[in-house]
Amino acid sequence: MKDPIALLNEIKNLMELKGENPFKIRAFDKAASHLAGYSDLSERAQAGTLKEIPGIGKGIEDVLQEYLLSGHSTVRDGLLKSLPPGLLQLAEVPGLGPKKAAQVIEELKIQSLGELEYACRENRLIHLKGFGEKLQKKILEGILFMNSNQGLMKLSDVDSMAAELGILLQQAFPERRVSETGALRRKLEILSELEFLIEGGGGLPAGDLGSPGDEVRAREVVSKFMKGKTGILPVRFYFSDPEMFGFELAKTTGTPAHWSALGGAGAGVGGGVGGGSGGFAAEDEFFKSLGLPWIPPETRETGEEVALARSGYLDKLLPWNGVKGVFHNHTNRSDGSATLEEMVTAAAQLGYEYLGISDHSQTAFYASGLKLSELEEQEKEIQEVQKRHPNLKIFWGIESDILADGSLDYENEILRRFDFVVASVHSRFNMERDAMTARILKAIRNPYTRFLGHVTGRLLLGRKGYDVDMPALIREAAKCNVAIELNANPVRLDIDWRWGPEMRKWKTLTSINPDAHEVAGLEDTKYGVAMARKALFTSGQVVNSRSAAEVGRWLRREQ
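For what it's worth, my numbering labels the leading residue of the sequence shown as 14, then goes sequentially.
Put into structure tokens, the structure is as follows:
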């Protein structure tokens, strides 16, 4: 059975495809946001109290009630039956959309991605009204992008699943050490498999689960957890003798580039890394034998981290608990689901010193962006809530759209009223590289821009980032003392951690912001911290590692 929130989002998407009333679609969207944080939905369905949840009207209550009690949804099934075969899949192709997908289905009788790809290669789409050669090329690129993502899942979609699998494996092998390894342990943002190292088995090859009893139990575990919410991933097992567990954990965790860098670092196992003689029961013993401190798993990517570990640089990495407050958060004044008071209360419970609120600006009509007349109301609300929460500093900001010409949404006389401005692109993603670069550079240079939001606009496994000169943006942000956001929303994680060397070269600041649209979204910050550590950012490079007083001075350009 799907998560009830996923059900409401699916119904919303189906209604959009069918072209139903926008207000009805918006109601399902808001209801899905309001459900986040409620863990007692089944109990509420039994008691008939779902309607007590804000945003849940009679119609949506009936949908949830039926689904939570029976596992079925008449509304969802009816919508699916009413749509043309293939529309749901084809509408996801970048550049196509529901209306043009319906046109392709009707006029070319296409019902699958494979048929659509073939039609593009045969130039059949260019003859359809409203298409043309350029759009056909874009659609083909979108299909290839979708195909390249098959068999992949986002870290956020598997991390809790992997944690539960680790617990069950530990129960299956109670006398042995069990550890995540590979890309999962490195916290790579996109995964193609889950990997675990299990102590024991006398050097058995991967996949051999030891005794028949162990094999049956482990297969039960795998069959339960291979399938996640958004797909299926294979699970790979490695086994190690106890005296070699630390060595094997290091070997299976790091990338080939990391392992190669270790090999050039000096003495290894048996005269070289991977030599095979000598044993390291603990991972830190292995690194010590190389004259190195223990290297954090999430940093073991490019090999650069090995020399930095030797120099002592990794001691300065942003700690897991190094973020003292977060910016770029939304309330129900724009497209968030929680009130300002609820967001502030949640931030205080997470131990933050400060919280930055930045609802959408007026041009973002699709997200209920704030009109000029609404700004004064929000400013007063922030002042009132601040009085009730004196121990947490509230910074008032705005996520201002970067318009097509690079100007920000609101005149400077309005922008100066805010404590901070997050400048973000939300439209015209397909601009040519030079034009997009010039657009964003102009926004960076605006004296009121303090953060550049989700810099490439990418959505992991969903949308490629727009074409832009990233080194130019990184240099200009450093020059203008603007922080390039590391958007911690696990669907974005943008800026990509692979730009870490360029960011460090120019000493460009970053800020780890959850882009939270609900209370639960504040906890996404952990994904941003993981990416910051992968980028090898120190605390000094992360703006929101600073105290409330220090960050306040930075926002005012006093330092």
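C-beta atoms are modelled at their ideal positions from N, C-alpha and C, and glycine is treated no differently.
First through last residue of the alpha helix (DSSP H) which encompasses residue i
i: Gly110; result: Gly110 to Leu121
i: Val435; result: Run containing Val435: none in the alpha helix (DSSP H); it sits in the beta strand (DSSP E), Phe433 to Ser437.
i: Phe258; result: Phe258 to Thr266
i: Gly541; result: Thr538 to Lys547
i: Arg488; result: Met483 to Cys493
i: Ser55; result: Leu54 to Ala60
i: Glu389; result: Leu385 to Arg401
i: Ser253; result: Counting along the chain, Ser253 falls outside any alpha helix (DSSP H), though it belongs to the beta strand (DSSP E) covering Val248 to Ser253.
i: Ile427; result: Asn425 to Leu428
i: Gly91; result: Thr87 to Ser95
i: Gly128; result: First, the residue type needs correcting, since residue 128 is Glu and not Gly in the sequence shown. Start and end: Leu126 to Arg134.
Three-state class that DSSP yields for residue i in the structure shown
i: Met159; result: helix
i: Tyr461; result: coil
i: Asn526; result: strand
i: Ala635; result: Since the first residue of the chain shown is 14 and the last is 572, residue 635 is not available in this structure.
i: Trp512; result: helix
i: Asp227; result: Interpretation of Asp227 is limited by its pLDDT of 45, a score under 50 that renders its predicted location unreliable; the figure taken from the coordinates is listed afterwards. Here Asp227 sits in helix by DSSP.
i: Ala278; result: Caution applies to Ala278, whose pLDDT of 46 falls short of 50 and renders its modelled position unreliable; the value that the coordinates give is listed next. Note: Ala278 maps to coil in three-state DSSP.
i: Asn26; result: helix
i: Ile180; result: helix
i: Ile69; result: coil
i: Glu206; result: coil
i: Ala219; result: Annotation note: pLDDT 40 at Ala219 (below 50); position unreliable, coordinate value reported separately. Three-state DSSP puts Ala219 in coil, outside helix and strand.
i: Glu74; result: helix
i: Thr450; result: helix
i: Val532; result: helix
i: Ser560; result: coil
i: Glu79; result: helix
i: Leu201; result: coil
i: Glu146; result: helix
i: Val171; result: helix
i: Arg137; result: coil
i: Ser552; result: helix
i: Gly213; result: coil
i: Arg566; result: helix
Residue i at chain B interface by Cβ criterion, 7 Å
i: Arg546; result: In the displayed structure, chain B is absent; only one protein chain is listed.
For residue j and residue i, the rounded distance between their alpha carbons
i: Gly91; j: Ala44; result: 20 Å
i: Ala456; j: Gly419; result: 5 Å
i: Glu206; j: Phe250; result: 11 Å
i: Glu536; j: Tyr423; result: 30 Å
i: His341; j: Gly70; result: 30 Å
i: Val504; j: Thr523; result: 18 Å
i: Ile525; j: Arg313; result: 21 Å
i: Pro225; j: Glu188; result: Interpretation of Pro225 is limited by its pLDDT of 39, a score under 50 that renders its predicted location unreliable; the figure taken from the coordinates is listed afterwards. So the two alpha carbons sit approximately 17 Å from each other.
i: Arg401; j: Glu389; result: 19 Å
i: Arg511; j: Leu405; result: 33 Å
i: Asn425; j: Gln124; result: 50 Å
i: Ser52; j: His85; result: 20 Å
i: Ala185; j: Asp170; result: 24 Å
i: His140; j: Ala485; result: 40 Å
i: Gly543; j: Lys142; result: In the sequence on display, residue 543 carries Ala and not Gly. Taking the straight line joining both Cα atoms gives about 47 Å.
i: Leu331; j: Val191; result: 27 Å
i: Arg488; j: Asp447; result: 16 Å
i: Phe293; j: Leu383; result: 59 Å
i: Ala545; j: Glu79; result: 43 Å
i: Ala417; j: Thr62; result: 47 Å
i: Glu392; j: Arg430; result: 9 Å
i: Tyr540; j: Glu119; result: 43 Å
i: Gly11; j: Gln149; result: With the chain covering 14 to 572 only, the question about residue 11 has no answer from this structure.
i: His373; j: Phe433; result: 13 Å
i: Thr538; j: Gly369; result: 13 Å
i: Ser575; j: Gly335; result: The chain is shown only over 14 to 572; residue 575 falls outside these bounds and no answer can be derived.
i: Phe41; j: Asn557; result: 34 Å
i: Arg441; j: Phe144; result: 18 Å
i: Lys518; j: Gly478; result: 23 Å
i: Gln572; j: Ala561; result: 14 Å
Limits of the beta strand (DSSP E) - the one that residue i falls within
i: Phe41; result: Here Phe41 belongs to no beta strand (DSSP E); instead the alpha helix (DSSP H) covers Pro35 to Leu48.
i: Ala496; result: Ala496 to Asn500
i: Thr194; result: Val191 to Thr194
i: Trp409; result: Lys406 to Asp414
Residue i beta carbon near the ligand ZN (any heavy atom closer than 6 Å)
i: Gly61; result: With respect to the ligand ZN, the structure offers nothing, as it holds no ligand at all.
Considering only residues of the stretch 281-366, which uninterrupted alpha helix (DSSP H) runs meet the minimum length of 4 residues and lie entirely inside it, listed in chain order? 296-302, 317-324 and 353-362
Do the stretch 131-142 and the stretch 169-182 meet, that is, are 3 or more Cβ pairs less than 8 Å apart? Taking 8 Å as the limit for Cβ pairs, the verdict is that the stretch 169-182 does not touch the stretch 131-142.
With three or more C-beta pairs closer than 8 Å as the rule, is the stretch 518-532 touching the stretch 355-368? Short answer: they touch.
When you compare the stretch 461-473 with the stretch 492-499, are there three or more beta-carbon pairs, one atom per stretch, that lie closer than 8 Å? yes
Are there three or more Cβ pairs, one per stretch, closer than 8 Å when the stretch 345-356 is compared with the stretch 318-335? Because the criterion of three Cβ pairs below 8 Å is not met, the stretch 345-356 and the stretch 318-335 do not touch.
So, does the stretch 53-65 touch the stretch 24-40, judging by three or more C-beta pairs under 8 Å? The stretch 53-65 vs the stretch 24-40: no contact.
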